[in-house]
Amino acid sequence: MEVTIEKISKKYLKDAHTIYNYYIVNSYSNFEEKILTFNQFHSNYKNIAKNKLPYLIALSEKKVVGLAYLNRFREKSGYRFAFENTIYIHEKHTRQGIGYKLLKELLYVSKNNKNIKLIVAVIGS
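So the number in our numbering is just where the residue sits in the sequence shown, counting from 1, plus 370.
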């Protein structure tokens with residue numbers, strides 16, 4: 371399966387939203403307790419874009435099979451250079467190395483942002 375990683379565009383937000391909500395409903399890996407509306411998800415996307423943080427998707431056959439982004443880790447001033455990564459893979463495409471590819475590209479593009487000094491992973495399952 372050929373997978374490409376690219377910056378997300380608005381046309382893929384609904385598919386990313388579906389993947390994100392899947393993990394709220396079907397796992398403990400997402401710390402949201404209620405599914406997000408598309409407007410809530412879109413607001414999060416706009417906030418990430420406004421802060422010039424990376425937001426990527428993995429595509430296979432022009433379909434979204436994963437997403438990854440950075441967001442602020444904590445709001446205290448001492449954490450201003452710390453960001454948390456988020457990675458979710460479509461449930462039918464897990465264990466195929468897609469998460470690794472997304473993380474690798476997320477780290478690569480983050481090197482170009484002088485405000486990103488630390489990336490934290492909070493992992494739950």
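The C-beta atom is built at its ideal place from N, Cα and C for all residues, glycine as well.
Assigned with DSSP and collapsed to three states, LYS432 falls in coil, not helix or strand. Distance between ALA491 and VAL373, taken at the CA atoms: about 23 Å.
Here LEU488 is bridged, per DSSP, to ALA452. By the Cβ neighbour-count rule, ILE378 is buried, with 16 or more other Cβ atoms within 10 Å of its own. Counted as a single uninterrupted DSSP element, the alpha helix (DSSP H) harbouring THR388 occupies residues 383-396.
Between LEU406 and TYR439, the C-beta spacing is not below 9 Å. Between the stretch 421-439 and the stretch 379-398, the count of C-beta pairs closer than 8 Å reaches three or more; the two stretches touch. Taking LEU473 as the centre and dropping the five residues before and after it, the same chain places the C-beta of ALA438, ASN455 and ILE457 closer than 8 Å to its C-beta, in chain order. In the DSSP assignment, LYS377 falls outside any alpha helix (DSSP H) and within the unbroken beta strand (DSSP E) covering 374-377. LEU473 carries a helical assignment under DSSP once its states are collapsed to helix, strand and coil. If you draw a straight line from the Cα of GLU445 to the Cα of ASN485, it is about 14 Å long.
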